[in-house]
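Structure first, commentary second.
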Amino acid sequence: MLAPAGAVAGADVRGGAPGTLGTDALRPGMLVQEAHAILLTGGSAFGLDAAAGVMAHLEQGGHGLAIGPVRVPIVAGAVIFDLLTSDASARPGAAAGTAACRAATREPAVGAVGAGTGATVAKAAGAAGTAPGGFGLAGARAGDATVAAAMVANGVGGVWDDERHTWIAPLAGWDHASGLMPGANTTIGVVVTDARLTKEQANRVATVAHDGIARAVRPAHTRYDGDTMFCLATGAVDAPADAVEAVAAQVVAAAIAAGVRAAGAA
């Protein structure tokens, strides 16, 4: 998610096994007020290398936080663990980050693509119940503002479609002998809005957005997951912050369902 001119940013990390970059800078009270990109990637911690390519792309365009004569792009991000899905050496790097930036103007695909390529869900019952995860998008209005979510579903839990009231990838049960590995799962995403928010409000939106994960991923926020949400607010229109929060949870749940459905779990 690119915001070359900068967007007020917030983040909230849940679950017991997160893999993140730059989230401390987005907390209230820190110097940084805006981010220029949010990276969602696969490849576990190795995939955070893609941020270097995102920073290089932004730097070449003259974007970033001005510190004297230097501009430093503020890039935060989160990863999913997908190294056991296929080739563990296939990981996004700096070149992939740059390529993603150059392709960001086109309509993004959904399903088992991008950061959702190796994602899986419904893993608590063991390998027999595992279903494809994926990358999904959803959006809705909050007064005069638009609120959209981009989500990567790779959680332990099953996936429930909160709008259609049906399972997409049901969780057959929790097999406590299945050998679940902490850190091998997570649901990550970003809520983007054109509403005018303060940094504190953006962090609050990221917090409430986790309610959307809990609506769609059951169970969510386990010790085996590293659920992480970001918020970017461009500030183009005025809208009630509480309305943005409520819609954020709604579109997060819808985006998770859309991504898993598109990946073929239905």
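Remember, the numbering used here sits 1198 above the position in the sequence shown when you count from 1.
Where is the CB? At the ideal position from N, CA and C, for every residue including glycine.
From the options, residue whose alpha carbon lies closest to that of residue i
i, options, result
"Gly1262", "Val1390, Ala1203 and Gly1341", "Ala1203"
"Ser1287", "Gly1241, Gly1227 and Gly1260", "Gly1241"
"Ile1272", "Phe1279, His1255 and Asp1285", "His1255"
"Ala1249", "Gly1275, Ala1326, Met1228 and Gly1227", "Gly1275"
"Met1349", "Asp1392, Val1449 and Asp1247", "Val1449"
"Phe1428", "Asp1359, Pro1438 and Ala1404", "Ala1404"
"Ile1454", "Leu1281, Thr1384 and Gln1399", "Thr1384"
"Asn1503", "Ala1320, Ala1264 and Thr1218", "Because residue 1503 is not part of the residues shown, which for the chain are 1199 to 1464, the question remains open."
"Gly1245", "Gly1217, Ala1264, Glu1232 and Met1253", "Gly1217"
"Gly1424", "Val1252, Val1206, Leu1238 and Ala1323", "Leu1238"
"Val1211", "Thr1420, Ala1201, Leu1395 and Ala1294", "Thr1420"
"Gly1331", "Ala1347, Ile1386, Met1379 and Pro1306", "Ile1386"
"Ile1422", "Thr1432, Met1253, Leu1378 and Ala1437", "The sequence given here has Tyr at residue 1422, not Ile. Out of Thr1432, Met1253, Leu1378 and Ala1437, Leu1378 has the C-alpha closest to the C-alpha of Tyr1422."
"Val1252", "Thr1296, Val1354 and Gly1433", "Thr1296"
"Ala1347", "Pro1306, Ala1322 and Ser1284", "Pro1306"
"Ala1322", "Val1311, Arg1304, Val1354 and Ala1243", "Val1354"
"Lys1397", "Arg1339, Asp1409, Trp1365 and Ala1439", "Ala1439"
"Gly1410", "Gly1324, Arg1304, Trp1358 and Gly1220", "Trp1358"
"Ala1338", "Ala1243, Ala1441, Gly1220 and Trp1365", "Ala1441"
Exposure of residue i, with buried meaning 16 or more beta-carbon neighbours within 10 Å
i, result
"His1213", "The sequence given here has Gly at residue 1213, not His. With 16 or more Cβ atoms within 10 Å of its Cβ, Gly1213 is classed as buried."
"Arg1459", "buried"
"Ile1236", "buried"
"Ala1329", "buried"
"Ala1326", "exposed"
"Ala1451", "buried"
"Gln1258", "exposed"
"His1234", "buried"
"Asp1222", "exposed"
"Val1277", "buried"
"Met1199", "buried"
"His1363", "exposed"
"Glu1232", "buried"
"Asp1392", "buried"
"Gly1260", "exposed"
"Asp1280", "buried"
"Ala1461", "buried"
Supposed close pair residue i, residue j - CB separation, criterion 8 Å
i, j, result
"Val1389", "Ala1407", "5 Å"
"Thr1382", "Leu1282", "Checking the displayed sequence, the identity of residue 1382 turns out to be Ala instead of Thr. Ala1382 to Leu1282, Cβ: 7 Å. Contact."
"Asp1247", "Ala1292", "6 Å"
"Gly1457", "Gly1309", "7 Å"
"Val1206", "Leu1395", "5 Å"
"Ala1264", "Leu1430", "Not a contact, Cβ separation roughly 19 Å."
- request: Decide if the segment 1301-1316 is in contact with the segment 1412-1420; the criterion is three or more beta carbon pairs, one per stretch, under 8 Å apart.
  value: Counting Cβ pairs under 8 Å, fewer than three are found: no touch.
query: Curious, which full-length alpha helix (DSSP H) runs of at least 4 residues does the segment 1370-1452 contain?
result: DSSP runs (the alpha helix (DSSP H)) wholly in the segment 1370-1452: 1397-1414.
query: Are three or more beta carbon pairs between the segment 1217-1229 and the segment 1282-1302 nearer than 8 Å?
result: The segment 1217-1229, when compared against the segment 1282-1302, does not touch it at the 8 Å Cβ threshold.
message: So within the segment 1230-1288, which uninterrupted beta strand (DSSP E) runs reach at least 3 residues, ignoring any that extend past its ends?
response: The segment 1230-1288 contains these whole beta strand (DSSP E) runs: 1232-1239, 1263-1265, 1268-1270 and 1273-1277.
query: Is the segment 1354-1374 touching the segment 1264-1271 in the sense that three or more CB pairs, one from each, lie closer than 8 Å?
result: Flag = no, the segment 1264-1271 and the segment 1354-1374 do not touch.
task: Pair every Cβ in the segment 1440-1447 with every Cβ in the segment 1335-1343, then say whether three or more of these pairs are closer than 8 Å.
output: Yes, they touch.
task: Please determine if the segment 1390-1401 and the segment 1295-1306 are in contact, where contact requires at least 3 C-beta pairs separated by less than 8 Å.
output: Proximity of the segment 1390-1401 to the segment 1295-1306 falls short of the contact definition, fewer than three beta-carbon pairs being nearer than 8 Å.
query: What are the complete beta strand (DSSP E) segments, minimum 3 residues, inside the segment 1285-1349?
result: Those beta strand (DSSP E) runs which fall completely within the segment 1285-1349 and span 3+ residues are 1332-1340.
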